[in-house]
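Reading through the structure tokens given below for one structure.
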Amino acid sequence: MTDQTDVLEKVRRADADYACMAYVPDALSESKNGPLRGVFVGVKDNLCVDGMPAQAGSRILEGYVPPFTATAVSRLQLEGATVVGKTVMDAFGFGTFNVNTYKIPKNPHDVSRAAGGSSGGSAVLTAATGLPCVSESTGGSISAPAAFCGVVGVTPTYGKISRYGLIDYANSLDKIGSMALTVREAFGLIDAMAGPDAKDMTSLVPAPKKSVQKKAAVVTELLEKAEPGVRQACMAAVEKLQESGVAVEHVRLEHTENALYAYYIIAMAEASTNLAKYVGLRYGQQLAPEEFETYTDYFTRVRGTFGPEEKRRILLGSFARTAGYRGKYYDKAARVRTLVIREMKSLLQRYDVLLMPSMPCVAPRFSDIEKLSPLEHYAMDVCTVPANLAGLPHASVPIGKSDGMPTGLQIVADHFQEDIVKHYGQVVEAQRK
Amino acid sequence: MKAGSDPVQPASLSSPSVGEDDGLKIGLETHVTLNTRTGLFCGCRVKLPADAKPNQYTCETCLGLPGSKPRLNGKAVELAVRAAQALGFTLDLDSRFARKTYYYPDLSKDYQITQYDRPLGLKGMLHVGDKTIELTRLHIEEDPAQIVYPHGNMANSTYSLLDYNRSGSPLLEIVTEPCLKSPAEAKAYLEELFRLLAYLGIIDAKAERVMKSDANISIRGGERVEIKNITSFAAVEKALQSERFRQKKMLQAGKPIERQTRLYSEETDTTLLMRTKEQEEDYGYIVEPDLPPLTLTAEYVDAVRFQTKELPDKAITRVEKIVPAQYAPVLVYQGLLPYFESSKTADKNLLARWTCGYLLKAMNYNGIDAPEQALPVAELDALLYAIASGKITERAGMEYIKRMVTEKKTLAAVMPEGTGSIQTSGTDADVLIAKIVAENAKAVSEYRAGKAKSLEFLVGQFLRQNLGLHPNEVRERFIKEIERQGAIESGFGIAKSGASFDKELDR
Amino acid sequence: MDIRKEVERIAAAQRVPLNDEEKETFSRQLGQVLAAFDKLDQVRTEGVPPAYHPVDIPPQLRKDEIEPSSAPVGNARRVEKGYLKGPRMMKTA
Chain A
1 MTDQTDVLEK VRRADADYAC MAYVPDALSE SKNGPLRGVF VGVKDNLCVD
51 GMPAQAGSRI LEGYVPPFTA TAVSRLQLEG ATVVGKTVMD AFGFGTFNVN
101 TYKIPKNPHD VSRAAGGSSG GSAVLTAATG LPCVSESTGG SISAPAAFCG
151 VVGVTPTYGK ISRYGLIDYA NSLDKIGSMA LTVREAFGLI DAMAGPDAKD
201 MTSLVPAPKK SVQKKAAVVT ELLEKAEPGV RQACMAAVEK LQESGVAVEH
251 VRLEHTENAL YAYYIIAMAE ASTNLAKYVG LRYGQQLAPE EFETYTDYFT
301 RVRGTFGPEE KRRILLGSFA RTAGYRGKYY DKAARVRTLV IREMKSLLQR
351 YDVLLMPSMP CVAPRFSDIE KLSPLEHYAM DVCTVPANLA GLPHASVPIG
401 KSDGMPTGLQ IVADHFQEDI VKHYGQVVEA QRK
Chain B
1 MKAGSDPVQP ASLSSPSVGE DDGLKIGLET HVTLNTRTGL FCGCRVKLPA
51 DAKPNQYTCE TCLGLPGSKP RLNGKAVELA VRAAQALGFT LDLDSRFARK
101 TYYYPDLSKD YQITQYDRPL GLKGMLHVGD KTIELTRLHI EEDPAQIVYP
151 HGNMANSTYS LLDYNRSGSP LLEIVTEPCL KSPAEAKAYL EELFRLLAYL
201 GIIDAKAERV MKSDANISIR GGERVEIKNI TSFAAVEKAL QSERFRQKKM
251 LQAGKPIERQ TRLYSEETDT TLLMRTKEQE EDYGYIVEPD LPPLTLTAEY
301 VDAVRFQTKE LPDKAITRVE KIVPAQYAPV LVYQGLLPYF ESSKTADKNL
351 LARWTCGYLL KAMNYNGIDA PEQALPVAEL DALLYAIASG KITERAGMEY
401 IKRMVTEKKT LAAVMPEGTG SIQTSGTDAD VLIAKIVAEN AKAVSEYRAG
451 KAKSLEFLVG QFLRQNLGLH PNEVRERFIK EIERQGAIES GFGIAKSGAS
501 FDKELDR
Chain C
1 MDIRKEVERI AAAQRVPLND EEKETFSRQL GQVLAAFDKL DQVRTEGVPP
51 AYHPVDIPPQ LRKDEIEPSS APVGNARRVE KGYLKGPRMM KTA
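Protein chains in written order, with the numbering used here: chain A, 1 to 433; chain B, 1 to 507; chain C, 1 to 93.
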């Protein structure tokens, strides 16, 4: 089909220009008939697609070809969508700038700058070609690259979309979502993927919908943490909302910073167990086992393939759950998580949505990123983490530019109120024109 | 890790002399495979056919492929709850699954989904003989895979072979307090546990390797040593004896007994060092985030209890009231009780002796599990009546029952010609009725005088010895016979009665 | 707490190899991160239950019915007679 050839061409060109693809098939498969026929999607490389390699950004999964397809993706395929390839990412999702991996994507707005992470490849593909992507967020991995690359990124409620077939980063935090050029398209994908799945016992039936009250709250300290250009763009977008009849108030979250630490403790603890399976036995990197002294030596040798951020998170995560420290870190973080959820849900009884910048800055230069310590990397997630920790649905919608680079406004609603997010997203989107 | 760098253990062991007090403490952690069709977290079959190829019955979940997710088996939960109830555990209605992370080739995800700080059951007990063994906890977890050594054994094979068919099988772990006082007691505990779980259908008694234990043992002055993965009950006793001996020798030599994990080798009857305390894994438990809490409602728990068979202790107590004590456990544990209770044979002793003896023997010989399938209860009753009424000898009965079960024949079919049918023939019944009437003149005259109860007394006399006839039929025959004898006494119908006797003698 | 020692212990337990430089760098970096995590000590959480999921997830049970096994061993590179080839279990004495 000419359509298919054109699309593939676009994808390959974007990959050549911006290094956004982990895998592009030689030819696309025949689309099924359905409402999504003619829709071509990129898929983040931590989502399994039968027959396509899946490395989740890590060398340790080199050569792995999953024999099954993630439910979220197969639902799209059943409705006629076609997968154009797998997009690059930070290894296992570990990153805010998509630099922790073997192939680093470049921001189409300025190739000396990062695309954002961990779903950098998805945001770049969407920005460069207009094709929507199925993506994933654990602590902000959809909002960050969406904001940096100037596209719409939607992260639904935890459990709304089945995680079956998603290569895990942190199972109580991972959420499959979407990226697209428009709010309508992005939510269209969410709706097509959503719904309980017998294969994932944490996938949920949504709660009843609430109606829009036209009251929003801006999270003050997150505005304050943002660099001036980002802050201005956000405030301008918020003012336009007010003009359209939305009552906007300012609130402070008591637990903004605590949310960051609680998030990283839980995410890394879970991640360190998820990465235990990569020992070179059943898939991925494999060596000749009989050449090693014992299974411990073999496993250790194979796991030397992990990159530095993977090793760091395995160490930190294991530390957080080791006997003797588990109460202080892992259990404590879980209790702080309760406080964060309570606080945000309580606010979301009074307001339709919470508003904040998606990221405290615009996409940084690669040269600047190199100077950051791990802790400074993590601190960049301060805007996205609270909503992600609480599993609340949110979207990053492009607003005014700063320094010539895109910025995003993050819109957060209560659990299962994706429609409210969509509503505000579309208002903000319309106001930009 | 060097194997067994300890004082030499003799090939045959003499256990410490009776009465010696070395402060021996034994605790057992037993894993039993729950009697389900599929895995704990996936739909792969777990009861493997004899021709199963390695890794044939695996899927992305039990193989731990990235992206796979666990799906909890409802039957496993039901069986675990049933076991917890039978062992007197307090159920946690909000127990949780946990991840236990450690690196071993038989663990497909390199973490095991188990239960840690909120197990399904706490504080249970099991009666073994006249002792009560306290149980600490009970929980559900998944089985690792099987490791095979292509050349040699675990210690010297240059590589291993992995078969994940067993990976993900549902296990129940039951932990005792360290209250077992001898290796023999440990063995007895395991045997009793096995019996109870098999009786309740929680484990498949006929399956191989359905129960395995880790044993913890310490003596005064030494730390606790763990012996892992012992499969047979006899091996448990031997392993504990062997280890106790080793520890005593260590103490005598002035060497400390340190915390460590050992393996028992049946070939050499010794325990070998597997890993020291320093080499212990750091399990780093977290709550299993791919599964919701295992929340059980009161209704669910009640429904499980309601559907559970009568517990063996109760059944035995009940049955002991009507049969000699030695038959009660056999009837209960061999699944013969419902059959026994459906029988019409009045002599329960005779019935129990034959059910638990020759019938059970014939069942085992023919590989038949259910008594009703081996021999319909009515046929057994017929056979027992024939013996009780002297129609056939016990010896003959032994032969008949063998053939009836093996060849699936009725008693009538296996009895030789001329012996006559038993239940429907009036001959023996009539002889007995006549005898009873003749011997109970008082009751007969009372009946003739209008006392119905006396007739019942006579009927009762008959029924006590011969159940081939329905009581109503018996009553009618008594009435007839009383009339007949009355007629004889009064002199009427001599010829008639004589003729009828002659007729009977002709047969 | 000796961070360097903990890093080495945990790396060994998690079968992650670290060269000397990594041990040095990671000890420093992890020390910084843990110091930040320690700020949670100040948060009052008495009586606050832990949240291991962000939303309530109802319990679910699967029917005990056999499903066809896909036997997805295709990604294993070393297979012998249907078994997956694994490493040696114990060092030779």
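Don't be surprised by glycine CBs; every beta carbon is placed ideally from N, CA and C.
{"Check": "Kindly say whether CYS59 (chain B), judged by its beta-carbon, lies nearer than 8 Å to any beta-carbon of chain C.", "Outcome": "yes"}
{"Check": "In chain order, what residues of the same chain have a beta carbon less than 8 Å from the beta carbon of VAL230 (chain A), not counting five sequence neighbours either side?", "Outcome": "PRO357, MET359, PRO360, CYS361, VAL362, SER402 and THR407"}
{"Check": "Count the CB pairs spanning the stretch 381-388 of chain A and the stretch 343-358 of chain A that are closer than 8 Å, and state whether there are at least three.", "Outcome": "yes"}
{"Check": "Would you kindly work out how many angstroms separate the C-alpha atoms of ALA145 (chain B) and VAL353 (chain A), rounded to a whole number?", "Outcome": "49 Å"}
{"Check": "Measuring alpha carbon to alpha carbon, tell me which of A:GLU9, A:GLY80 and A:ARG350 ends up nearest ALA247 (chain A).", "Outcome": "A:ARG350"}
{"Check": "Could you round the C-beta distance between VAL319 (chain B) and LEU331 (chain B) to whole angstroms and report it? I think they count as a contact, below 8 Å.", "Outcome": "6 Å"}
{"Check": "Secondary structure at GLU142 (chain B), three-state DSSP: helix, strand or coil?", "Outcome": "strand"}
{"Check": "Which residues of the stretch 67-94 of chain B have a Cβ closer than 8 Å to any Cβ of chain C? Give them in chain order.", "Outcome": "ARG71, LEU72, ASN73, GLY74, LYS75, ALA76 and VAL77"}
{"Check": "Would you mind stating whether VAL212 (chain A) and HIS250 (chain A) have Cβ atoms separated by less than 8 Å?", "Outcome": "no"}
{"Check": "Would you please verify whether the beta carbon of TYR164 (chain A) is less than 8 Å from any beta carbon of chain C?", "Outcome": "no"}
{"Check": "For SER425 (chain B), which residues in the same chain have their Cβ closer than 7 Å to its Cβ, ignoring the five residues on either side in sequence?", "Outcome": "Its pLDDT being 40, under 50, SER425 (chain B) is placed unreliably in this model, and the value from its coordinates should be taken loosely. No residues qualify anywhere along the chain."}
{"Check": "If we require 4 or more residues per run, which alpha helix (DSSP H) segments fall completely within the stretch 206-247 of chain A?", "Outcome": "220-225 and 228-243"}
{"Check": "By how many angstroms is the C-alpha of VAL397 (chain A) removed from the C-alpha of PRO132 (chain A)?", "Outcome": "14 Å"}
{"Check": "Please state if the CB of LEU91 (chain B) and the CB of VAL527 (chain B) are separated by a distance shorter than 8 Å.", "Outcome": "Outside the shown range of chain B, which is 1 to 507, sits residue 527 (chain B), and nothing can be said about it."}
{"Check": "For ALA395 (chain A), which residues does DSSP report across the bridge?", "Outcome": "A:VAL154 and A:ILE411"}
{"Check": "For chain A, is any of its Cβ atoms less than 8 Å away from the one on ARG4 (chain C)?", "Outcome": "no"}
{"Check": "Check each candidate in B:LYS181, B:ILE257 and B:SER95 and name the one with the smallest Cα separation from ASP21 (chain B).", "Outcome": "B:LYS181"}
{"Check": "Which same chain residues end up closer than 8 Å to ASN257 (chain B) when comparing Cβ atoms and leaving out the 5 residues on each side of it in sequence?", "Outcome": "The residue you asked about is not Asn; residue 257 (chain B) is Ile in the sequence shown. Closer than 8 Å at the Cβ level, and outside the excluded window around ILE257 (chain B), lie SER218, ILE219, GLY221, GLY222, GLU223, VAL225, GLN247, MET250 and LEU251."}
{"Check": "Check the Cβ-Cβ distances between GLU293 (chain A) and every residue of chain C, and say whether any is below 8 Å.", "Outcome": "yes"}
{"Check": "Of all the residues that make up the stretch 283-296 of chain B, which are near chain A by a beta-carbon distance shorter than 9 Å?", "Outcome": "TYR283, GLY284, TYR285, ILE286, VAL287, GLU288, PRO289, ASP290, LEU291 and PRO292"}
{"Check": "Roughly how many angstroms separate the alpha carbons of THR71 (chain A) and GLU310 (chain B), rounded to a whole number?", "Outcome": "45 Å"}
{"Check": "With a 10 Å radius around its C-beta and 16 neighbouring C-beta atoms as the bar for buried, classify TYR102 (chain A) as buried or exposed.", "Outcome": "exposed"}
{"Check": "Measuring CB to CB, does LYS215 (chain A) end up less than 8 Å from GLY245 (chain A)?", "Outcome": "no"}
{"Check": "Using the beta-carbon of each residue, which ones in chain B are nearer than 7 Å to PHE68 (chain A)?", "Outcome": "GLU60"}
{"Check": "Measure the alpha-carbon distance for LYS311 (chain A) versus TYR199 (chain B) and round it to whole angstroms.", "Outcome": "50 Å"}
{"Check": "If you check the beta carbons only, do LYS86 (chain A) and TYR164 (chain A) fall under 8 Å apart?", "Outcome": "no"}
{"Check": "Between LEU287 (chain A) and the rest of its own chain, which residues show a CB-CB distance below 8 Å, the 5 nearest in sequence each way excluded?", "Outcome": "GLY280, TYR298, ARG301 and VAL302"}
{"Check": "For chain B, is any of its Cβ atoms less than 8 Å away from the one on THR138 (chain A)?", "Outcome": "no"}
{"Check": "Chain A partners of PRO105 (chain B), CB-CB under 7 Å?", "Outcome": "LEU281 and TYR295"}
{"Check": "When DSSP builds the beta bridges, which residues end up paired with SER135 (chain A)?", "Outcome": "A:GLY177"}
{"Check": "Exposed or buried, which one is GLY38 (chain A) when buried takes at least 16 other CB atoms within 10 Å?", "Outcome": "exposed"}
{"Check": "Please list, in chain order, all residues of the same chain as ARG88 (chain C) whose beta carbon is under 7 Å from its beta carbon, the five residues on each side excluded.", "Outcome": "none"}
{"Check": "Give a yes or no on whether the C-beta atoms belonging to SER169 (chain B) and LEU294 (chain B) are separated by under 8 Å.", "Outcome": "no"}
{"Check": "Which same chain residues, not among the five before or five after ARG365 (chain A), have their C-beta less than 7 Å away from its C-beta?", "Outcome": "SER112 and ARG113"}
{"Check": "Taking ALA262 (chain A) as the query, report the chain C residues whose CB atoms sit under 7 Å from its CB, ordered along the chain.", "Outcome": "LEU40"}
{"Check": "In whole angstroms, what separates the C-alpha of GLY27 (chain B) from that of PRO145 (chain A)?", "Outcome": "56 Å"}
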